[in-house]
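First the structure, in the form of structure tokens, and then the observations on it.
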Amino acid sequence: MKLVFAGTPQVAVPSLQALADSPHSIAAVITRADAPLGRKRVLTPSPLAQAAAGLGLPLLKTNRLDAAATDRIAALEPDLGVIVAYGGLVREPLLSVPRLGWINLHFSLLPRWRGAAPVQRAIMAGDERTGAAVFQLVAELDAGAVFASFSEPISRHATAGGLLESLSHSGAVLLRSVVDRLEAGTIEAVPQVGEPTTAAKLGLADARIDWTASAEAVYNRVRGVTPEPGAFTMLGDARLKVLDLAPTHGAQPLPAGGIREFDKKVLVGTGTEPLELVTVQPAGKTQMKAIDWWRGMAATDVVAS
Numbered sequence: 001m002k003l004v005f006a007g008t009p010q011v012a013v014p015s016l017q018a019l020a021d022s023p024h025s026i027a028a029v030i031t032r033a034d035a036p037l038g039r040k041r042v043l044t045p046s047p048l049a050q051a052a053a054g055l056g057l058p059l060l061k062t063n064r065l066d067a068a069a070t071d072r073i074a075a076l077e078p079d080l081g082v083i084v085a086y087g088g089l090v091r092e093p094l095l096s097v098p099r100l101g102w103i104n105l106h107f108s109l110l111p112r113w114r115g116a117a118p119v120q121r122a123i124m125a126g127d128e129r130t131g132a133a134v135f136q137l138v139a140e141l142d143a144g145a146v147f148a149s150f151s152e153p154i155s156r157h158a159t160a161g162g163l164l165e166s167l168s169h170s171g172a173v174l175l176r177s178v179v180d181r182l183e184a185g186t187i188e189a190v191p192q193v194g195e196p197t198t199a200a201k202l203g204l205a206d207a208r209i210d211w212t213a214s215a216e217a218v219y220n221r222v223r224g225v226t227p228e229p230g231a232f233t234m235l236g237d238a239r240l241k242v243l244d245l246a247p248t249h250g251a252q253p254l255p256a257g258g259i260r261e262f263d264k265k266v267l268v269g270t271g272t273e274p275l276e277l278v279t280v281q282p283a284g285k286t287q288m289k290a291i292d293w294w295r296g297m298a299a300t301d302v303v304a305s
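Okay, structure coming up:
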């Protein structure tokens with residue numbers, strides 16, 4: 001079949017590669033425009049744009065799937081549109097341009113966690129399982145009937161970044177299978193069943209740690225916002241990034257946000273039992289072991305907030 005593929009971040013790359021390795025042809029890759037990255041704000045192509053260029057595939061860079069983009073895609077006469085984390089909505093008339101419409105690879109067990117940050121929200125909520133689904137794109141957000149899905153447990157120590165990376169590869173296999181079966185006419189979509197929940201895009205408020213919450217809630221939040229936007233806490237007016245922390249067992253209670261060294265570990269109090277700070281990054285510095293940071297602080301009465 002003739003495909004058009006839309007995506008932007010690294011998690012979309014395995015799916016593009018899987019379809020590029022298939023008998024199907026990719027008439028165009030649609031991705032968002034180059035964006036400024038790093039301290040020097042250098043304009044940088046998206047990970048998908050870089051992958052498409054390496055594969056020699058035609059690129060359409062646009063942040064809006066507007067009338068002009070619709071006309072360019074329609075001129076290709078695609079059989080199927082495929083989306084993996086493009087970062088924009090497909091509306092009519094573009095929704096009806098491909099002969100078989102559009103399908104979307106979404107990293108959740110739909111209808112749970114429809115929206116922009118399904119893996120992050122699943123971890124933050126303490127979900128025990130996640131997965132991916134390939135569904136028919138419709139006007140309502142992530143509400144279309146599902147062609148195929150899989151489920152897997154969430155590791156107690158998984159971060160959003162690590163879990164997304166894993167799901168992007170297993171999801172690519174699922175997506176390739178659905179595209180093959182759509183061409184063969186051997187697959188039908190099944191309506192979603194259950195109460196939907198929304199996975200809103202993460203913001204700065206999600207990244208700030210509330211030490212009055214339970215240790216489990218804090219641990220899940222930090223894992224869910226790692227690596228982006230990245231967990232942090234405040235020490236007075238100074239921001240401290242929390243890159244890694246770990247549960248403790250049998251540690252003496254501490255006030256919420258209180259920090260102490262115990263048995264060569266840096267512990268911080270929560271609403272329940274303390275957690276261990278493992279890796280941190282002070283403002284203006286590189287990441288370091290928490291114990292090295294703490295001993296360099298030469299402080300005995302520090303409270304995170």
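Under UniProt numbering, the residue at position 194 of the sequence shown is numbered 194, and the numbers go up by one with no gaps. Don't be surprised by glycine CBs; every beta carbon is placed ideally from N, CA and C.
The beta carbons of L175 and D79 sit no closer together than 8 angstroms. Under the three-state reduction of DSSP, A35 is assigned to strand. Q10 carries a helical assignment under DSSP once its states are collapsed to helix, strand and coil. The three-state secondary structure of S96, taken from DSSP, is helix. In this structure, the alpha-carbon of I26 lies about 30 angstroms from that of A160. Contact check for P111 against E195 passes: the beta carbons are separated by less than 8 angstroms.
As the crow flies, the alpha-carbon of L245 is around 38 angstroms from that of F5. Within the DSSP bridge table, the entry for T198 names R114 as partners.
DSSP places I83 in the uninterrupted beta strand (DSSP E) bounded by 80 to 84. In the three-state reduction of the DSSP assignment, V190 falls in the strand class. Contact check for R91 against A139 passes: the beta carbons are separated by less than 8 angstroms. About 13 angstroms separates the Cβ atoms of S214 and T248, ruling out a contact at the 8 angstroms cut-off. Take the alpha-carbon of A20 and the one of E183: they are about 16 angstroms apart. Annotation: A172 to L59 spans about 20 angstroms, alpha carbon to alpha carbon.
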